[in-house]
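Residues 627 to 726, numbered by the numbering used here, are exactly what the sequence shown covers, in order.
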Amino acid sequence: MGHNDHMEDDGFNDFLQEVLNGESLEKATEGITKLVIDKGVNSLSEKQRYVFKRDVLDVYTIDGCTRCESPVPWSEMYAATDNGGLCNYCWHMSEKIKHE
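Rendered as structure tokens:
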């Protein structure tokens with residue numbers, strides 16, 4: 627399953643809020659992301675969808691954990707893009723091994 631399969635599932639808006647809280651989006655992309663949170667992806671124009679995909683989804687999402695290849699849930703997605711693409715379980719296990 628690709629990340630686009632779950633865009634309306636629970637946790638997607640929380641993920642987008644994490645991206646916004648990271649304060650790394652340009653103003654236009656920030657506004658588009660807020661619109662998605664408020665009204666959903668289907669409310670976007672074709673150009674807005676392109677920008678949202680390019681600047682948010684393509685940057686802050688992964689299709690699966692780089693270690694176990696399991697799908698990464700939205701609740702773990704933002705962290706996974708910052709930790710090498712690992713799901714929480716694999717990240718925890720790798721940290722545990724480092725500290726042994």
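Backbone N, C-alpha and C define an ideal beta-carbon position, used for all residues, glycine too.
Taking the straight line between their C-alpha atoms, what separation do you get for residue i and residue j?
| i | j | result |
| --- | --- | --- |
| residue 658 | residue 666 | 10 Å |
| residue 636 | residue 662 | 14 Å |
| residue 717 | residue 649 | 24 Å |
| residue 652 | residue 706 | 21 Å |
| residue 672 | residue 723 | 46 Å |
| residue 627 | residue 713 | Legend: pLDDT at residue 627 = 34, less than 50; position of this residue unreliable, no value from coordinates given. |
| residue 725 | residue 641 | 29 Å |
| residue 680 | residue 719 | 31 Å |
| residue 692 | residue 701 | 17 Å |
| residue 644 | residue 668 | 21 Å |
| residue 695 | residue 674 | 30 Å |
| residue 579 | residue 709 | With the chain covering 627 to 726 only, the question about residue 579 has no answer from this structure. |
| residue 660 | residue 721 | 34 Å |
Could you round the C-beta distance between residue i and residue j to whole angstroms and report it? I think they count as a contact, below 8 Å.
| i | j | result |
| --- | --- | --- |
| residue 656 | residue 646 | 6 Å |
| residue 698 | residue 690 | 6 Å |
Near residue i, which residues of its chain fall below 8 Å by C-beta distance, leaving aside the five closest residues on each side in sequence?
| i | result |
| --- | --- |
| residue 677 | 654, 655 and 658 |
Taking only three categories from DSSP, how would you classify residue i?
| i | result |
| --- | --- |
| residue 709 | coil |
| residue 701 | helix |
| residue 672 | helix |
For residue i, I'd like the list of residues in its chain whose CB is within less than 6 Å of its CB, leaving aside the five on either flank, ordered along the chain.
| i | result |
| --- | --- |
| residue 711 | 688 and 692 |
For residue i, which residues in the same chain have their Cβ closer than 7 Å to its Cβ, ignoring the five residues on either side in sequence?
| i | result |
| --- | --- |
| residue 639 | 663 |
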